[in-house]
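Asker: Sharing a structure, written as structure tokens. Questions coming.
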Amino acid sequence: MATETAHAPQTNFNVSNEKMGMWAFLGSELLFFGAFITVYLVYVPRTADGPGPEVFDIPFTSVSTFILLMSSLAMVLALAGMQDGDLRRFRTWTLATALMGLVFLGGQLYEFTLFVQQDGLGLTTSAFSTSFYVLTSFHKVHVAVGVLMLGTLWFMSFTGRIRADGQGTNAVENVGLYWHFVDIIWIIIFTVVYLIPVDLVT
Amino acid sequence: MTDTHDAQQEQDQQGQHQYHPSTGEYWQIAAILAVLTAVEIGLYYAGQAGMAASVTIPGLIILTILKFVLVVLWFMHLRFDRPVLNRLFIIGLIFAGVLYGIVALITLT
Amino acid sequence: MSAVDDQQRRTGLFQRPSSTAGIKGWLTTTDHKRIGIMYFVAAMIFFMAAGIEALLLRLQLATPEAQVLDSDVYSQMFTMHGVTMIFFAVMPLSAAFFNYLLPLLIGARDVAFPRLNALSLWVFVSGGIFLYSAVFFGGYPDTSWVNYAPIQEVGADPAGYTLEGGVQSNRMLFYSLSIQIAGIASLASAVNFITTTLNMRAPGMTFMRMPVFAWMTLVVSFLMLFAMPIIGVALWQLMFDAGYGGNFFRPGAGGEPILWQHLFWLFGHPEVYILILPAFGIVSEILPTFSRKPLFGYAAVVFSGVAIGFLGFGVWAHHMFTSGLGPVANAAFGLTTMFIAVPTGIKIFNWLGTIWFGSLRYRVPMLFSIGLVAMFTIGGLSGVTHAIVPHNAQQHETYYVVAHFHYVLFGGSVFGLFAGTYYWFPKVFGRMYNERLGQAHFWIQLIGFNLAFGPQHILGLEGMPRRYYTYPPGMGWDLWNLVSTIGGFLIALAVLLFVINLVWSARKGPEAPSDPWDARTVEWLTSSPPPQHNWDVVPTISARDELWHRKYTDEEIPRPVPAGASSDHEQGEADSEHIHLPDPSWWPLVLAIGLPVASWGVVMDSWPVIGGGIALMLFAGVAWGNEPVTEPEPDDVAEPVEP
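Each protein sequence line maps, in turn, to chains A, B and C.
Per the numbering used here, numbering of the first sequence is gapless, rising by one per residue and ending at 210.
Per the numbering used here, numbering of the second sequence is gapless, rising by one per residue and ending at 119.
Per the numbering used here, numbering of the third sequence is gapless, rising by one per residue and ending at 650.
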């Protein structure tokens with residue numbers, strides 16, 4: 009099994025710098041999303057006599073959630089492909105992850121257009137609406153950046169930056185960490201932003 | 011610190027990195043995640059049908075935590091990684107939880 | 008493998024520069040030392056800009072009902088003074104020290120992510136340029152650096168401006184975006200320094216052997232890691248309110264203004280520890296050197312630093328005692344604020360213990376360090392009075408607060424940074440500064456500073472409110488305001504002497520040896536200035552104050568305790584051919600340019616410009632990831648240690 013340890017500088021904790029840096033960054037991201045989620049929770053009842061959480065389409069969002077969840081599976085399978093030296097498996101599952109991410113984004117955007125056009129829930133409608141859109145859009149931007157990174161990785165497997173001998177495994181692993189993180193944030197958002205408020209309101 | 015470091019180093023060198031779950035195990039985790047999600051949605055519909063919020067909401071929260079933990083520990087490999095990475099993430103988690111909890115508490119009361 | 012890499016370098020789409028010469032060398036550098044120097048220079052420019060803003064304020068306040076500045080310009084000046092000093096002067100000055108010193112202190116050749124390091128620098132510079140460009144778009148932010156809701160919406164002059172499409176919204180967008188940009192730089196630095204300190208220490212450099220400044224870098228990096236996101240969120244929300252009709256802080260649509268205060272101070276309080284801990288770290292290095300004694304109670308100083316970092320997150324609402332949080336919250340935060348004075352007090356006593364019965368040399372770094380201990384103590388004491396909730400109600404929004412934070416920030420942080428500048432100047436430039444001029448700087452600074460801010464305690468207790476552009480005669484405030492203004496101009500003179508000293512000595516000062524101070528830590532082992540690769544042979548550490556041990560104890564060959572690594576070759580080889588150095592790169596600079604471009608797009612409400620900025624950033628990011636690592640992987644780089 010090919011690894012990169014032979015060429016990487018030795019480190020005090022025997023963890024690659026990039027991996028440690030990624031976990032530190034993810035720790036900070038918790039503070040980002042935590043703030044947005046908290047503000048949203050405070051604002052759930054503040055709908056300025058406009059639409060509130062009852063406009064959410066839980067079945068539709070559940071499907072999106074499921075797709076994003078399964079994209080995490082695709083991601084670990086892509087990494088496993090790298091670790092087994094199987095570049096084809098890596099490419100296939102990386103592409104699959106990115107595609108699932110795109111489907112998720114598409115679904116979310118579609119939901120948004122429905123909210124705006126059908127339900128009259130716009131960015132400026134109320135504190136609830138602003139905080140909902142900004143929180144979920146912030147997450148979406150993260151997903152989009154993740155998709156771009158996955159695309160870049162896929163591309164790199166053709167230019168030789170990512171190779172069957174294991175060169176590039178670190179990068180794949182770290183993008184994977186980022187991707188899973190984006191998924192677990194959605195796991196929290198789905199419950200805390202969608203399921204529980206709708207439960208409370210209806 | 012030096013002792014555990016050496017021991018870990020030995021284990022790392024021999025096992026060429028640490029333990030990685032097999033693809034089969036990854037599929038299993040995914041299956042569990044899918045089931046948990048299904049239960050979540052089931053709880054939601056139960057709530058719509060009249061089940062008390064005092065049951066559904068804690069239930070949803072517990073399920074969310076379970077999914078969170080599964081992804082972090084297995085997919086993100088934190089279960090098999092060096093503890094230092096654990097700590098970087100957990101500190102952020104605790105800070106976020108406590109600080110924002112206090113803000114929410116102060117604002118809502 | 009090397010052949011493929013060579014091919015990539017020659018024919019790849021994204022050529023990577025390899026030379027370090029000329030201006031291009033500085034623009035593309037990934038060398039932490041050059042980055043540190045550029046941080047310092049840029050920060051000093053912003054420091055002087057903020058200083059001029061302060062002088063304008065003091066001119067306006069020197070006499071009652073003066074007409075030097077009108078209320079709008081005055082408000083812009085004090086807002087910009089605060090924002091510039093905090094985000095574009097003091098933080099980057101600290102970053103300059105972290106950048107230059109951290110690898111040298113822990114025996115590393117560079118930081119963990121050299122290109123990310125360059126990115127932090129260029130992002131900070133571009134953020135500052137963006138902020139100062141506000142003058143072309145309707146004026147600078149004018150609702151103070153804390154910018155509470157709802158005044159952020161209506162502006163300092165409600166009759167004149169409204170949010171959204173008006174001048175006020177532009178000013179708020181500049182505030183929001185420039186600090187967000189600066190925040191990105193800090194967050195990137197935090198990730199970088201945490202990884203470097205945890206993962207790249209020299210062999211034998213256990214945590215408890217690290218110099219205190221390295222510890223403070225680590226604590227500050229954690230503070231930045233967790234605090235910057237919080238202000239990022241608040242600013243992002245402000246951007247939506249100001250630019251896009253959002254309702255985060257608009258009560259009419261359900262918004263909650265006090266959430267701004269919570270989010271701001273959740274960041275803002277750790278921020279002040281971010282501002283002071285580097286200076287504490289610097290002083291902890293200087294006092295032992297010039298007392299010829301080890302730091303008294305190293306462990307206590309380290310642990311109190313960590314404690315301050317931790318507790319710093321638990322006191323934020325002491326900035327909100329008059330915001331109506333209620334007695335329970337007030338009491339709780341009053342208590343935690345009292346607690347946090349303890350670790351700081353521990354440090355003060357340990358510093359005193361260090362110089363007690365030491366063989367003292369009163370060189371300029373030592374003078375500023377002792378100055379810090381004294382001035383910060385004064386500021387800390389007035390801080391303790393703020394922690395008492397009823398006192399706080401009296402003191403809030405008066406000049407007493409202004410006096411307090413200038414004593415801790417100027418008398419603390421800035422004195423410490425000056426001390427560090429003089430101390431490490433010979434290491435950085437290989438030349439010694441002028442001692443006489445430095446001494447003059449110190450004494451004029453000390454006198455000017457105390458004249459400027461000492462009387463403000465009295466003014467505050469006599470009821471003079473802050474953030475007012477003028478005051479009527481007959482309040483009894485005239486004399487002290489005039490004294491304060493004179494002090495301000497003395498400060499300006501002192502800073503001028505400082506800058507002249509630095510610029511002149513860097514070129515023409517007498518040559519300095521590698522260890523001019525007979526110091527204690529390993530950065531003085533390498534030459535002055537250090538070579539690009541820092542160490543010919545990475546030192547193996549066997550004790551705290553490693554250099555002192557090597558010079559003055561009888562131990563022969565240090566016995567390495569294998570708790571660290573970062574050497575690229577076997578101990579003892581001085582073969583610099585195999586040293587793996589990060590190559591220069593254009594992409595950090597290019598990426599950094601994208602940020603203000605996108606931000607100008609937000610201000611101009613132009614989606615093409617926003618898109619252009621984002622596209623530039625994405626392009627630079629992809630190019631960054633794809634650019635070749637020009638130096639081919641050596642075949643005999645450190646193999647994992649055989650069990």
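Glycine included, C-beta positions come from ideal geometry on N, C-alpha and C.
Secondary structure at A/R169, three-state DSSP: helix, strand or coil?
Answerer: coil
Asker: Which runs of the alpha helix (DSSP H) spanning at least 4 residues fall entirely within the region 72 to 148 of chain C, listed in chain order?
Answerer: 78 to 90, 98 to 113, 121 to 139
Asker: Nearest CA to the CA of B/Y29: which residue from B/W84, B/L70, B/T74, B/G102?
Answerer: Looking from the CA of B/Y29, the closest CA among B/W84, B/L70, B/T74, B/G102 belongs to B/W84.
Asker: Establish whether the CB of C/H269 and some CB of chain B are separated by less than 8 Å.
Answerer: yes
Asker: Is C/A324 closer than 8 Å to C/L318 when the C-beta atoms are compared?
Answerer: no
Asker: Among C/T70, C/L63, C/V97, C/S26, whose alpha-carbon lies nearest the alpha-carbon of C/F53?
Answerer: C/V97
Asker: Does any residue of chain C bring its CB to less than 8 Å from the CB of A/N25?
Answerer: yes
Asker: Thinking C-beta only, is A/A135 closer than 8 Å to C/A260?
Answerer: yes
Asker: I'd like the ranges of any alpha helix (DSSP H) spanning at least 4 consecutive residues and lying wholly in the region 168 to 206 of chain A.
Answerer: Counting whole runs of 4 or more residues, the region 168 to 206 of chain A contains the alpha helix (DSSP H) stretches 177 to 197.
Asker: If you count every other CB in all the chains shown that lies within 10 Å of the CB of A/Y28, and 16 or more means buried, which is it?
Answerer: Here residue 28 of chain A turns out to be Met, not Tyr, going by the sequence shown. A/M28 is buried by the Cβ-count criterion.
Asker: Going by DSSP, what residues sit across from C/P472 in a beta bridge?
Answerer: C/T405
Asker: Terminal residues of the continuous alpha helix (DSSP H) containing C/K40?
Answerer: That run of the alpha helix (DSSP H) goes 39 to 68.
Asker: What are the start and end residues of the alpha helix (DSSP H) that includes C/G331?
Answerer: First-last for C/G331: undefined, no H or E at that position.
Asker: Quick check: what's the CA-CA separation for C/D575 versus A/Q18?
Answerer: Only weak support is given to the placement of C/D575: the predicted model assigns it a pLDDT of 37, under 50, and the value that follows is read from those uncertain coordinates. Their backbone Cα atoms lie some 8 Å apart in a straight line.
Asker: Along chain A, in chain order, which residues have C-beta atoms closer than 7 Å to that of B/L115?
Answerer: Listed by position along chain A, the residues whose Cβ is nearer than 7 Å to that of B/L115 form an empty set, because the closest Cβ is around 10 Å away.
Asker: Consult DSSP for A/M28 and reduce its assignment to one of helix, strand or coil.
Answerer: helix
Asker: Within the continuous alpha helix (DSSP H) that includes A/N22, where are the two ends?
Answerer: Counting along the chain, A/N22 falls outside any alpha helix (DSSP H), and DSSP gives it neither H nor E.
Asker: Could you tell me whether the Cβ atoms of C/S291 and C/L282 are closer together than 8 Å?
Answerer: no
Asker: Residues in the same chain with beta-carbon distance under 8 Å from A/L113, minus the five sequence neighbours each way, listed in chain order, please.
Answerer: K148, V151, A152, V155
Asker: Using the three-state DSSP reduction, which class does A/R97 fall into: helix, strand or coil?
Answerer: The answer is helix: DSSP assigns A/R97 an H, G or I state.
Asker: With a 10 Å radius around its C-beta and 16 neighbouring C-beta atoms as the bar for buried, classify C/D543 as buried or exposed.
Answerer: exposed
Asker: Check the DSSP bridge columns for C/E518 and list the partner residues they point to.
Answerer: C/R438
Asker: Less than 8 Å separating the beta-carbons of C/L424 and C/S101?
Answerer: yes
Asker: Which first and last residues belong to the alpha helix (DSSP H) in which C/W607 is found?
Answerer: 594 to 611
Asker: Do we get a CB-CB distance below 8 Å when we pair B/G57 with the residues of chain C?
Answerer: no
Asker: Mapping DSSP to helix, strand and coil, what is A/S137?
Answerer: helix
Asker: With DSSP as the reference, label B/P68 as helix, strand or coil.
Answerer: helix
Asker: Please state the DSSP three-state secondary structure of C/E634.
Answerer: coil
Asker: Determine, using beta carbons only, whether C/I548 and C/L497 come nearer to each other than 8 Å.
Answerer: no
Asker: For the pair the region 394 to 404 of chain C and the region 368 to 377 of chain C, tell me if three or more CB-CB distances fall below 8 Å.
Answerer: The answer is no - the region 368 to 377 of chain C does not touch the region 394 to 404 of chain C, with fewer than three Cβ pairs under 8 Å.
Asker: In the DSSP assignment, find the alpha helix (DSSP H) that holds C/E278 and state where it starts and stops.
Answerer: 264 to 298
Asker: Per DSSP, what kind of secondary structure is B/G111 in: helix, strand or coil?
Answerer: helix
Asker: For C/P264 and C/V313, what's the separation of their Cα atoms in angstroms?
Answerer: Spanning the two alpha carbons is a distance of roughly 32 Å.
Asker: If you drop the 5 nearest sequence neighbours on each side, which residues of the same chain put their C-beta closer than 6 Å to that of C/N254?
Answerer: A260, G262
Asker: Decide if A/T138 is buried, meaning its Cβ has at least 16 other Cβ atoms within 10 Å, or exposed.
Answerer: buried
Asker: With 8 Å as the threshold, decide whether the Cβ of A/D191 is near any Cβ in chain B.
Answerer: yes
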